Amino acid sequence: MTTKEYTVESQLKKFPSLVPRYLIEIAGVAIIYLLSNYTLDFSSINQKGLKIAVAALKGLVNPSIDLITRLDSSGLLYMLMETLAIAFLGTIIGIVLALPLAFLASRNIAPKWVNYICLTIISIIRAFPAFMYGIMFVRVTSLGAFAGVLTMAVSSIGMLAKLLIEAIEDMNPGIVEALDASGCSPFEKIRYGMIPQLSSNIVSIVIYRLDINVKNASILGVVGAGGIGASLIFSIGKQAWGEVGAMLLGLVVLVLVLEYFSTRIRKKLAVGE
Amino acid sequence: MLDDILHIFYPREYTLSNGKVVKEKFNWTPYITIIVIVLSLLSAKICGVKLSVLSQRGNQFFVMLKQMFPPNWSFWKDVQKPMIDTIVMSLLGTAFGCLLALPVSFYLSNNFKFNKYYMAIHRGLLSVLRTLPTMIYASLISLVIGTGTLAGTISIAIFTYTICVKMLYEQIETIDMGPYEAMESTGASRIKCMINAAYPQVRGYFWSTVLYCFETNVRSAAILGYVGAGGIGVQINTQLRWRAYANTGLMLFVLVVTVVVIETISREIRKKLVQG
């Protein structure tokens, strides 16, 4: 009988060679270096930038009080309200559009060929970046918040539908089968078998997407689809740093407050009261 | 009938045969539904939603799509460079952001007992920075260091850093501290323990986070050109201003194909990474 010797040396030899890992790391660094040489252009840095940076920092810590306290439609509060309204309405329309698509795309609800068609529609909608929808809807409704609402609605369909499909496919089929066995009509099966299982999931998904949509609402301003983004970019362009500071402050506070509540509500929904 | 409708809002009471009064469970759903409907109508008022506009001019959406549809393939030469720029921008931004995030996230996770106050301040600062999208960083930075891909790369790196750190420290806090303690008891230094006992537990997750960030960054990098931070957004903006929709169509096509290809590949790799 041979005894296996467990010495430090024999164990150390078992350790895989590090050479391939080092080679991969060196190659990675080399690729990053080459790519940065190819793309990045450092010549645009000059002295003027430093002055702008100092002025910007000064403005960001001294937000314009005038803008914050103004209550009319050019004030900060109205802009934030508009942003919130765009995100809210966009999310609501988005979920209304996403629900039927998600049901038809779930394997336990609809036949396979219907799933396939709906999944294709969802991935086509998802593939376009949100600002592209913004550009197209601005042409439909002209500049303004309405275009933002439509953009938000269409661009949230993809994610909403994906999360909804997961929730629907996770449903317990036993409950619906039990209702079926006791002779319930299709409507009753949906009302008492599916909705109670899904409602908390749906609310949680909607709140999650609302959170993301408020964050993204500032992007829409760039293409002229309303919200705080347009004024923000405009203020940055004319280097009115006090206004920029006020708007960024408002945006950060809005998103943080919303994030706090959304996390709390979603935790409550997931755990149960 | 009226009674039935009213009972939607408050629970019914039943008197059982033994005289006991039983109440239905209270239901919040109708109230929430009404609040949501009222808020939606209010938002519609604020945003100036007019359904008549949609029915009259809704076809414009498809008119524009139709104008884009046979994309101008000869424009391909002018698309190549900005498209590669966009991908490289997000690649470099992701690389720098994630490489910086890896050590910091170890420092910020509370199972290694680093300075509590520093940790709280850094985490708070990160959650404030996380609220701003890449585009706002890009518009600020492109003013400071000049328009171009460098501004885009830096803003992507900042954004990636803020989200990557959070995803990583949340994962690091769930690791098994046994190997770390065992190694520490042999007298290894803290950094060595982290590299050899803690990092291997999150390695797969780290690379999956890197890929996820890259995926989202390619998506968001397209718009950075609008605020002067390089990439394909600059071209899209110019071509749209010239109303050259066929050229825009080609750029959009290339962008969508790139995003879908990158997402598909990265999702497959991530699935493998998480499953081990």
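Top to bottom, those sequences are chains A and B.
Plus 20 on top of the position in the first sequence (first one is 1) and you've got the working numbering.
Plus 12 on top of the position in the second sequence (first one is 1) and you've got the working numbering.
Where is the CB? At the ideal position from N, CA and C, for every residue including glycine.
This structure is a prediction, so every number in the text was calculated from the model and none was measured.
Would you grab the beta carbon distance between residue i and residue j for me? Rounded to a whole angstrom, and I think it's under 8 Å.
i: residue 245 of chain A; j: residue 158 of chain A; result: 6 Å
i: residue 226 of chain B; j: residue 103 of chain B; result: 7 Å
i: residue 167 of chain B; j: residue 150 of chain B; result: 4 Å
i: residue 262 of chain A; j: residue 81 of chain A; result: Not quite, the Cβ-Cβ distance comes to about 10 Å (not below 8 Å), so this is no contact.
i: residue 110 of chain A; j: residue 63 of chain A; result: That pair is no contact at about 41 Å.
i: residue 266 of chain B; j: residue 95 of chain B; result: 6 Å
i: residue 49 of chain A; j: residue 70 of chain B; result: Incorrect: roughly 52 Å between the Cβ atoms, too far for contact.
i: residue 58 of chain B; j: residue 172 of chain A; result: Wrong, their Cβ atoms sit about 14 Å apart, outside the cutoff.
i: residue 12 of chain B; j: residue 282 of chain B; result: For residue 12 of chain B there is no data in the structure shown, the boundaries of chain B being 13 and 288.
i: residue 97 of chain A; j: residue 267 of chain A; result: No, residue 97 of chain A and residue 267 of chain A are not in contact; Cβ-Cβ is about 11 Å, not under 8 Å.
i: residue 108 of chain A; j: residue 55 of chain B; result: 5 Å
i: residue 160 of chain B; j: residue 61 of chain A; result: 5 Å
i: residue 243 of chain B; j: residue 164 of chain B; result: 6 Å
i: residue 214 of chain A; j: residue 242 of chain A; result: At roughly 41 Å, the Cβ-Cβ gap does not stay under 8 Å, so residue 214 of chain A and residue 242 of chain A are not in contact.
i: residue 135 of chain A; j: residue 193 of chain A; result: Incorrect: roughly 16 Å between the Cβ atoms, too far for contact.
i: residue 174 of chain A; j: residue 145 of chain A; result: 7 Å
i: residue 239 of chain A; j: residue 248 of chain B; result: Going by Cβ atoms, the distance from residue 239 of chain A to residue 248 of chain B rounds to 14 Å, so no, they are not a contact pair.
For residue i, tell me which candidate among the options has the shortest Cα-Cα distance.
i: residue 49 of chain B; options: A:105, A:86 and A:62; result: A:105
i: residue 156 of chain A; options: B:257, B:197 and B:88; result: B:257
i: residue 218 of chain A; options: A:77, A:242, A:186 and A:107; result: A:186
i: residue 76 of chain B; options: A:227, A:249 and A:154; result: A:154
i: residue 101 of chain B; options: B:285, B:241 and B:269; result: B:241
i: residue 10 of chain B; options: B:54, B:285 and B:133; result: Nothing in the structure corresponds to residue 10 of chain B, since chain B is present only between 13 and 288.
i: residue 258 of chain A; options: A:53, A:76 and A:29; result: A:76
i: residue 148 of chain B; options: A:279, A:96, A:169 and A:248; result: A:248
i: residue 27 of chain B; options: B:19, B:209, B:36 and B:21; result: B:36
i: residue 9 of chain B; options: B:213, B:112 and B:110; result: Any question about residue 9 of chain B goes unanswered here, given that chain B covers just 13 to 288.
i: residue 206 of chain B; options: B:93, B:184 and B:22; result: B:184
i: residue 273 of chain B; options: B:254, B:255 and B:228; result: B:228
i: residue 260 of chain A; options: A:84, A:211, A:162 and A:148; result: A:84
i: residue 231 of chain A; options: A:29, A:94 and A:103; result: A:103
i: residue 151 of chain A; options: B:132, B:268 and B:186; result: B:268
i: residue 269 of chain A; options: A:134, A:99, A:233 and A:149; result: A:99
i: residue 158 of chain B; options: B:39, B:51, B:52 and B:239; result: B:239
i: residue 41 of chain B; options: B:33, B:15, B:25 and B:20; result: B:20
i: residue 290 of chain A; options: A:165, A:47 and A:227; result: A:227
i: residue 62 of chain B; options: A:271, A:229 and A:164; result: A:164
i: residue 279 of chain A; options: A:239, A:250 and A:234; result: A:234
Between residue i and the ligand ATP, is the CB less than 7 Å from at least one heavy atom?
i: residue 127 of chain B; result: Among the ligands in the structure shown, none appear at all, so the ligand ATP cannot be discussed.
For chain C, is any of its Cβ atoms less than 8 Å away from the one on residue i?
i: residue 73 of chain A; result: Of the chains in the structure shown, none is chain C; the protein chains are A and B.
> Contact between the stretch 122-134 of chain A and the stretch 248-258 of chain A: three or more CB pairs below 8 Å?
Replying inline: With the cut-off at 8 Å, the stretch 122-134 of chain A and the stretch 248-258 of chain A do not touch.
> Using a beta-carbon distance cut-off of less than 8 Å, what residues from the stretch 134-157 of chain B approach chain A?
Replying inline: Answer in chain order: 139, 140, 143, 144, 145, 147, 148, 151, 152, 155, 156 and 157.
> Looking at chain A, which residues of the stretch 159-172 of chain B have a Cβ within less than 7 Å of any of its Cβ atoms?
Replying inline: Flagged, chain order: 159, 160, 161, 162 and 165.
>> I want to know whether the stretch 125-144 of chain B touches the stretch 256-276 of chain A - three or more CB-CB distances under 8 Å.
In response: Judged by Cβ distances under 8 Å, the stretch 125-144 of chain B makes contact with the stretch 256-276 of chain A, as three or more pairs qualify.
> Taking only runs of the beta strand (DSSP E) that begin and end inside the stretch 94-122 of chain A, which ones reach a length of at least 3 residues, in chain order?
Replying inline: List check, beta strand (DSSP E) in window: nothing returned.
> Can we say the stretch 113-133 of chain B touches the stretch 152-168 of chain B, given the rule of at least three CB pairs closer than 8 Å?
Replying inline: Segments in contact, no.
>> Quick check: the stretch 73-84 of chain B against the stretch 250-269 of chain B, are at least 3 beta-carbon pairs closer than 8 Å?
In response: Counting C-beta pairs closer than 8 Å gives three or more between the stretch 250-269 of chain B and the stretch 73-84 of chain B, which meets the contact rule.
>> Below 8 Å, how does it come out for the stretch 113-125 of chain B and the stretch 180-191 of chain B: are there three or more Cβ pairs, yes or no?
In response: Touching, yes, given that three or more Cβ pairs across the two stretches are closer than 8 Å.
>> Taking 8 Å as the cut-off, does the stretch 180-192 of chain A touch the stretch 111-121 of chain A (at least 3 CB pairs, one atom from each stretch)?
In response: The stretch 111-121 of chain A is in contact with the stretch 180-192 of chain A.
> Is the number of C-beta pairs between the stretch 281-290 of chain A and the stretch 218-226 of chain A that are closer than 8 Å three or more?
Replying inline: Short answer: they touch.
> Between the stretch 195-213 of chain A and the stretch 84-103 of chain A, are three or more C-beta pairs nearer than 8 Å?
Replying inline: By the criterion of at least three beta-carbon pairs nearer than 8 Å, the stretch 195-213 of chain A is not in contact with the stretch 84-103 of chain A.
> When you check each C-beta in the stretch 87-109 of chain A against every C-beta of chain B, which residues fall closer than 7 Å?
Replying inline: Residues 101, 102, 105, 106, 108 and 109.
>> What are the residues in the stretch 46-65 of chain B lying within 8 Å of chain A by C-beta distance?
In response: Residues passing the 8 Å Cβ filter: 48, 51, 52, 54, 55, 56, 58, 59, 60, 61, 62 and 65.
>> Below 8 Å, how does it come out for the stretch 192-210 of chain B and the stretch 158-174 of chain B: are there three or more Cβ pairs, yes or no?
In response: These segments do not touch.
> Hey, which unbroken runs of the beta strand (DSSP E) at 3 residues or more fall wholly within the stretch 19-70 of chain B?
Replying inline: Complete beta strand (DSSP E) runs here, min 3: 25-27 and 33-35.
> What residues from the stretch 221-252 of chain B come within 7 Å of chain A, judged by C-beta to C-beta, listed N to C?
Replying inline: So the list reads 231, 234, 235, 238, 239 and 252, given in the order they occur along the chain.
> In chain order, what residues of the stretch 85-109 of chain B put their CB closer than 8 Å to some CB of chain A?
Replying inline: Of all residues in the stretch 85-109 of chain B, 96, 97, 100, 101, 103, 104 and 107 have a Cβ within less than 8 Å of some Cβ in chain A.
> Using a Cβ cut-off of 8 Å, which residues of the stretch 24-37 of chain B contact any Cβ in chain A, in chain order?
Replying inline: Taking 8 Å as the Cβ-Cβ cut-off against chain A, none of the residues of the stretch 24-37 of chain B qualify.
>> Output needed in chain order: residues of the stretch 193-218 of chain B with a Cβ under 8 Å from some Cβ in chain A.
In response: Those would be none; no residue qualifies.
> Which ranges would you report for the alpha helix (DSSP H) in the stretch 110-177 of chain B if only whole runs of at least 4 residues count?
Replying inline: Complete alpha helix (DSSP H) runs here, min 4: 128-142 and 146-157.
>> At a CB distance below 7 Å, what residues from the stretch 202-218 of chain A approach chain B? Give them in sequence order.
In response: Contacts with chain B (Cβ-Cβ distance below 7 Å) from the stretch 202-218 of chain A involve no residue at all.
> What residue ranges within the stretch 139-198 of chain A form continuous alpha helix (DSSP H) runs of no fewer than 4 residues, ordered along the chain?
Replying inline: Secondary structure within the stretch 139-198 of chain A: the alpha helix (DSSP H) runs of 4 or more consecutive residues, fully enclosed, are 150-161 and 165-189 (chain order).
>> Closer than 9 Å between beta carbons: that is the criterion. Which residues of the stretch 56-71 of chain A meet it against chain B?
In response: Of all residues in the stretch 56-71 of chain A, 56, 58, 59, 60, 61, 62, 63, 64, 65, 66, 68, 69 and 70 have a Cβ within less than 9 Å of some Cβ in chain B.
> If contact means a Cβ-Cβ distance below 9 Å, which residues of the stretch 236-251 of chain A contact chain B?
Replying inline: The stretch 236-251 of chain A vs chain B, Cβ under 9 Å: 236, 238, 239, 242, 243, 246 and 249.
>> Using a Cβ-Cβ cutoff of 7 Å, what residues of the stretch 129-149 of chain A are near chain B? List them in chain order.
In response: Interface annotation for the stretch 129-149 of chain A against chain B: 147, 148 and 149, criterion Cβ-Cβ distance under 7 Å.
> Which residues, in chain order, does the stretch 257-275 of chain B contribute to contact with chain A at a C-beta distance below 8 Å?
Replying inline: For the stretch 257-275 of chain B, which is checked against every Cβ of chain A, the residues closer than 8 Å are 264, 267, 268, 271 and 272.
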